[in-house]
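1 is the number of the first residue of the sequence shown in UniProt numbering; add one for each residue after it.
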Amino acid sequence: MQRYRQILVAFSRNGFGYIVKELGLQKAVSLPERVLRGKKEIHSKTIGERVRLFLEELGPTFVKLGQIASTRNDLIPQHIIKELEKLQDQVGQVPYNEIQEIIERELGEPVHTIFKEFYEAPLAAASIGQVHQAVLQSGEEVAVKVQRPNIEKKIHTDLEILMNFASLAETRLDWAKQYKITEIIEEFKASILAELDYTLEGRNAHKIAMNFKNDQEGVKVPDVYWKFTTGRVLTMEFVKGIKLDENVQLIQDGYQPKVIAERLIHNLFEQILLDGFFHADPHPGNVMILPGHQLLFMDFGMVGRLTPLMKDHLTDMIIALARQNTHAIVKSIYRMGVVPDEVNDDMMRADIEELRDKYYDIPFSQVSLGEAVNDLFSVASKHQIRIPADLSLVGKTLITLEGTVERLDPDISIVKIAQPFAKRLIKEKYRPKKIAEEIYEQADDYKDIVLDFPEHVNALYKLIRKGKVPLEISVSRVDMILKKLDRISNRLSFSIVLLSFSIIMVGLIIGSAISGEASYFWSFPVIEIGFVVAVLMFIWLIFAIFRSGRF
Numbered sequence: 001m002q003r004y005r006q007i008l009v010a011f012s013r014n015g016f017g018y019i020v021k022e023l024g025l026q027k028a029v030s031l032p033e034r035v036l037r038g039k040k041e042i043h044s045k046t047i048g049e050r051v052r053l054f055l056e057e058l059g060p061t062f063v064k065l066g067q068i069a070s071t072r073n074d075l076i077p078q079h080i081i082k083e084l085e086k087l088q089d090q091v092g093q094v095p096y097n098e099i100q101e102i103i104e105r106e107l108g109e110p111v112h113t114i115f116k117e118f119y120e121a122p123l124a125a126a127s128i129g130q131v132h133q134a135v136l137q138s139g140e141e142v143a144v145k146v147q148r149p150n151i152e153k154k155i156h157t158d159l160e161i162l163m164n165f166a167s168l169a170e171t172r173l174d175w176a177k178q179y180k181i182t183e184i185i186e187e188f189k190a191s192i193l194a195e196l197d198y199t200l201e202g203r204n205a206h207k208i209a210m211n212f213k214n215d216q217e218g219v220k221v222p223d224v225y226w227k228f229t230t231g232r233v234l235t236m237e238f239v240k241g242i243k244l245d246e247n248v249q250l251i252q253d254g255y256q257p258k259v260i261a262e263r264l265i266h267n268l269f270e271q272i273l274l275d276g277f278f279h280a281d282p283h284p285g286n287v288m289i290l291p292g293h294q295l296l297f298m299d300f301g302m303v304g305r306l307t308p309l310m311k312d313h314l315t316d317m318i319i320a321l322a323r324q325n326t327h328a329i330v331k332s333i334y335r336m337g338v339v340p341d342e343v344n345d346d347m348m349r350a351d352i353e354e355l356r357d358k359y360y361d362i363p364f365s366q367v368s369l370g371e372a373v374n375d376l377f378s379v380a381s382k383h384q385i386r387i388p389a390d391l392s393l394v395g396k397t398l399i400t401l402e403g404t405v406e407r408l409d410p411d412i413s414i415v416k417i418a419q420p421f422a423k424r425l426i427k428e429k430y431r432p433k434k435i436a437e438e439i440y441e442q443a444d445d446y447k448d449i450v451l452d453f454p455e456h457v458n459a460l461y462k463l464i465r466k467g468k469v470p471l472e473i474s475v476s477r478v479d480m481i482l483k484k485l486d487r488i489s490n491r492l493s494f495s496i497v498l499l500s501f502s503i504i505m506v507g508l509i510i511g512s513a514i515s516g517e518a519s520y521f522w523s524f525p526v527i528e529i530g531f532v533v534a535v536l537m538f539i540w541l542i543f544a545i546f547r548s549g550r551f
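Okay, here's the thing in structure tokens:
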């Protein structure tokens with residue numbers, strides 16, 4: 001409950017008190033109105049800035065959530081993503097005695113037994129873990145990444161609260177239901193929990209190393225020491241290199257920035273388009289350069305995975321974008337995402353035409369590929385088309401890559417270097433042998449359908465004979481149809497009442513004509529008043545029919 005209150009107060013303090021009110025949670029934790037209003041100065045900031053401050057205030061889980069969210073251009077507006085990319089891990093160093101306790105508990109031996117030397121001062125401290133340099137008893141230098149104490153429990157608590165908020169929001173807020181907030185939080189939850197398991201990060205590093213085992217002169221991935229690795233402790237080879245943003249040092253040591261940039265682009269596209277398994281955060285802090293222009297990749301907590309089908313869709317989209325073919329772009333977006341039934345195809349095309357104008361008459365080699373891909377994913381998001389997380393991560397990776405290589409060589413063209421990969425994929429896609437394999441696989445699927453067909457027909461026949469054929473009817477916009485049916489039934493009822501009233505009036509008129517006396521009840525002219533009422537009712541009915549436009 002204390003954490004619930006902290007989160008709700010943070011919402012309010014950063015100008016989102018109205019969300020607390022709409023969820024009806026202000027009474028649950030007794031938040032006064034002054035807290036819900038928040039500070040006056042916060043309202044002068046943009047929504048993106050307020051979101052970033054909110055996440056930073058609440059600590060590791062929310063910072064990590066924001067960092068993952070910054071990769072989802074298909075879900076989040078660009079102006080908020082720019083702020084999320086500024087998120088910093090505002091965490092202090094964990095005292096050495098706590099680090100020592102975690103290592104000994106995880107590895108089952110005293111630190112001095114495992115390591116000949118262990119440097120107490122950390123190399124780096126982040127929201128989930130802290131890295132220390134050490135030397136094994138065998139003399140090998142290693143980097144030891146240790147998870148912060150109790151961080152797993154804190155993250156699980158925060159994720160549970162977020163899931164509760166998301167479920168409540170979907171029941172009370174139309175926009176939350178429309179964007180399926182619970183599914184988004186579930187997706188982010190899976191990503192965060194994966195980063196809590198350091199054995200997964202170790203396996204990611206090993207897999208990328210295996211993909212480049214034939215290119216060991218061009219790429220270096222630190223070795224993982226599995227004997228000293230668990231879910232909370234990761235021990236990897238310590239390698240000294242020069243960071244990519246240290247241009248002066250690179251030039252002084254005889255490195256050529258242009259060669260480094262070309263090699264980095266070539267390597268990342270090989271990971272994305274050929275291997276389908278890629279380092280998703282190639283910023284200068286995660287890539288170093290070693291002698292011989294060898295690339296050193298570090299930190300494998302964030303990786304992307306593309307299936308062969310995803311790679312095909314991504315290639316098709318890039319080709320369609322290069323040709324500025326609106327129809328092909330729409331087609332590729334539809335293929336790569338989950339398309340809702342109510343998507344407006346004409347509006348989608350209009351938005352892509354508008355986007356195409358942004359890149360019209362600009363040589364494709366001068367286009368920011370990452371920005372173009374993210375722009376397309378933003379259009380998809382506008383029309384509620386859900387792009388798979390790993391495909392969306394490609395856009396973020398390309399943007400990061402472009403920022404990194406521009407520091408090395410401002411005149412370099414990522415597209416020109418990537419073109420051979422795209423051509424290679426196209427050739428592979430239309431290779432006769434591959435087409436034959438795909439036809440064979442589909443034929444095998446159809447074979448099962450044909451073989452099972454008599455059995456299904458027999459089952460349906462039995463249901464028909466028993467009179468138990470299930471019938472399910474799905475009607476869209478049911479509420480509107482029910483309202484129209486109510487209106488029709490009300491008019492029918494009104495017409496019947498008018499007819500009945502008219503029959504009574506006719507009876508009174510005939511009765512008064514036969515008796516030769518005017519029809520007065522309690523000194524009221526019943527026939528005259530009834531006639532006026534009947535005329536008014538008739539006029540209203542005619543007016544209602546004409547107003548509906550259906551007569």
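Heads up, the beta-carbon is just placed ideally off N, CA and C, and yes, glycines get one too.
For this session: Classify ALA124 as helix, strand or coil using the three-state DSSP reduction.
Result: For this step, residue 124 is matched to residue 124 along the sequence shown. Per DSSP, reduced to three states, the secondary structure at ALA124 is strand.
For this session: Go through its chain and collect everything with a Cβ distance to GLU49's Cβ below 7 Å, but skip five positions before and after it.
Result: As a position in the sequence shown, residue 49 is number 49, starting the count at 1. If we look at GLU49 and ignore the five residues flanking it on each side, its Cβ neighbours are GLU83.
Problem set entry | Sequence-distant residues of the same chain with beta carbon closer than 8 Å to ASP197, five excluded per side | Taking the first residue of the sequence shown as 1, we reach residue 197 at position 197. So the list reads GLY231, once near-sequence residues are dropped.
Exercise. Roughly how many angstroms lie between the CA atoms of LYS382 and VAL219, to the nearest whole one?
Worked result: Indexing the sequence shown from 1 puts residue 382 at position 382. Indexing the sequence shown from 1 puts residue 219 at position 219. It is roughly 39 Å from the alpha-carbon of LYS382 to the alpha-carbon of VAL219.
Problem set entry | Length at least 3, wholly inside the segment 136-207: the beta strand (DSSP E) runs in chain order | The DSSP assignment places 141-147 as complete runs of the beta strand (DSSP E) inside the segment 136-207, in order along the chain (cut-off: 3 residues).
For this session: Label ASP253 either buried or exposed according to how many other C-beta atoms from any shown protein chain fall within 10 Å of its C-beta, with 16 as the threshold for buried.
Result: Along the sequence shown, one-based indexing puts residue 253 at 253. When all chains shown are included, ASP253 counts as exposed.
Exercise. In this structure, does DSSP put ALA134 in helix, strand or coil?
Worked result: Taking the sequence shown and counting its residues from 1, the one referred to as residue 134 is at position 134. Residue state, collapsed to three classes: strand.
Exercise. Is the number of C-beta pairs between the segment 287-299 and the segment 240-257 that are closer than 8 Å three or more?
Worked result: Three or more beta-carbon pairs drawn from the segment 287-299 and the segment 240-257 are found closer than 8 Å, and the two stretches are therefore classed as touching.
For this session: Could you tell me which uninterrupted beta strand (DSSP E) segments, each at least 3 residues in length, are contained entirely in the segment 265-305, listed from first to last along the chain?
Result: Segments of the beta strand (DSSP E) lying fully in the segment 265-305: 277-279, 287-290, 294-297 and 303-305.
Exercise. Do you know whose CA, among MET1, LEU492 and ILE529, lies nearest ILE504's CA?
Worked result: Numbered from 1 along the sequence shown, position 504 holds the residue referred to as residue 504. The residue with the shortest Cα to Cα distance from ILE504 is ILE529.
Exercise. Okay, do the segment 115-127 and the segment 200-210 touch, 3+ Cβ pairs below 8 Å being the bar?
Worked result: Taking 8 Å as the limit for Cβ pairs, the verdict is that the segment 200-210 does not touch the segment 115-127.
For this session: Inspect the CB distances between the segment 305-316 and the segment 263-271 and report whether three or more fall short of 8 Å.
Result: Here the segment 305-316 does not lie against the segment 263-271, with fewer than 3 beta-carbon pairs under 8 Å apart.
Exercise. For the beta strand (DSSP E) that THR235 lies in, which residues bound it at each end?
Worked result: Here residue 235 is taken as the residue at index 235 of the sequence shown, counted from 1. THR235 -> beta strand (DSSP E) spans 233-237.
Problem set entry | Rounded Cβ spacing between GLU342 and SER368 (contact assumed at less than 8 Å) | Within the sequence shown, residue 342 is the residue found at index 342, counting from 1. Within the sequence shown, residue 368 is the residue found at index 368, counting from 1. That pair is no contact at about 32 Å.
Exercise. So, is ARG13 buried or exposed, given that buried needs 16 or more other C-beta atoms within 10 angstroms?
Worked result: Reading the sequence shown from its first residue, position 13 is the one you call residue 13. Result: buried.
For this session: Measure the C-alpha to C-alpha separation of LEU398 and VAL457 and round it to an integer number of angstroms.
Result: To locate residue 398, count along the sequence shown from 1; it is residue 398. To locate residue 457, count along the sequence shown from 1; it is residue 457. Computed Cα separation, rounded: 51 Å.
Exercise. In angstroms, rounded to a whole number, what distance separates the CA positions of ASN150 and ALA205?
Worked result: Translated into the one-based positions of the sequence shown, residue 150 becomes position 150. Translated into the one-based positions of the sequence shown, residue 205 becomes position 205. One C-alpha to the other measures close to 25 Å.
Exercise. Given GLU352, which residues of its chain have a CB within under 7 Å of its CB, disregarding the five upstream and five downstream residues?
Worked result: Here the question's residue 352 lines up with position 352 in the sequence shown. For clarity, residue 352 is Ile in the given sequence; the question names Glu instead. If we look at ILE352 and ignore the five residues flanking it on each side, its Cβ neighbours are THR326, ILE329, VAL330 and VAL379.
Exercise. Excluding sequence positions up to five away, which residues of its chain have a Cβ less than 7 Å from the Cβ of GLY129?
Worked result: Position 129 of the sequence shown, counted from the start, is the residue given in the question as residue 129. Closer than 7 Å at the Cβ level, and outside the excluded window around GLY129, lie LYS145, VAL146, GLN147 and ARG148.
For this session: Assign HIS132 to one of two classes, buried (16 or more other C-beta atoms within 10 Å of its C-beta) or exposed (fewer than that).
Result: Here residue 132 is taken as the residue at index 132 of the sequence shown, counted from 1. Buried, because 16 or more other Cβ atoms sit within 10 Å of the Cβ of HIS132.
For this session: Return yes when the Cβ of VAL339 is within less than 8 Å of the Cβ of THR235, no when it is not.
Result: Looking up residue 235 in the sequence shown gives position 235. Looking up residue 339 in the sequence shown gives position 339. The Cβ atoms of THR235 and VAL339 lie no closer than 8 Å to each other.
Exercise. Considering only residues of the same chain and omitting the five flanking positions on each side of GLY92, which have a CB-CB separation below 8 Å?
Worked result: For the purposes of this step, residue 92 is identified with residue 92 of the sequence shown, where counting begins at 1. Answer for GLY92: ALA125, listed in chain order.
For this session: Pull up the distance between the alpha-carbon of ASP390 and that of LEU485, whole angstroms please.
Result: The residue labelled residue 390 in the question sits at position 390 within the sequence shown. The residue labelled residue 485 in the question sits at position 485 within the sequence shown. Within the model, the alpha-carbon separation for ASP390 versus LEU485 is close to 46 Å.
For this session: Following the continuous alpha helix (DSSP H) through LYS64, name the residue where it begins and the one where it ends.
Result: Residue numbering aside, residue 64 sits at position 64 when the sequence shown is read from its first letter. Its alpha helix (DSSP H) spans residues 60-69.
Exercise. Out of ASP316, VAL9, LEU451 and LYS416, which has the shortest C-alpha to C-alpha gap to ILE426?
Worked result: As a position in the sequence shown, residue 426 is number 426, starting the count at 1. Closest option to ILE426, judged by alpha-carbon separation, among ASP316, VAL9, LEU451 and LYS416: ASP316.
Problem set entry | Buried/exposed call for ASP299, threshold 16 Cβ in 10 Å | Here residue 299 refers to the residue found at position 299 of the sequence shown. Looking at its Cβ environment, which holds 16 or more other Cβ atoms inside 10 Å, ASP299 is buried.
For this session: Alpha carbon to alpha carbon, how far is ARG356 from LEU314? Give it in angstroms, no decimals.
Result: For this step, residue 314 is matched to residue 314 along the sequence shown. For this step, residue 356 is matched to residue 356 along the sequence shown. Looking at the two C-alpha atoms, the distance is approximately 17 Å.
Exercise. What's the C-alpha gap between LYS189 and ARG5?
Worked result: Position 189 of the sequence shown holds residue 189. Position 5 of the sequence shown holds residue 5. Spanning the two alpha carbons is a distance of roughly 21 Å.
Exercise. Pick from MET1, LEU408 and LYS86: whose alpha carbon is nearest that of ASN164?
Worked result: Walking along the sequence shown from the start, residue 164 turns up at place 164. Answer by Cα proximity: MET1.
Problem set entry | Alpha carbon of ASN214 to alpha carbon of ALA459, nearest angstrom | Against the sequence shown, residue 214 aligns to sequence position 214. Against the sequence shown, residue 459 aligns to sequence position 459. Whole-angstrom Cα-Cα distance: 56 Å.
Problem set entry | Endpoints, the beta strand (DSSP E) within which LYS116 is located | Counted from its first residue, the sequence shown places residue 116 at position 116. Segment 115-118, the beta strand (DSSP E) holding LYS116.
Problem set entry | Contact set for GLU22: own chain, Cβ-Cβ below 7 Å, skip 5 residues either direction | The residue labelled residue 22 in the question sits at position 22 within the sequence shown. ARG172 and LEU173, listed in sequence order.
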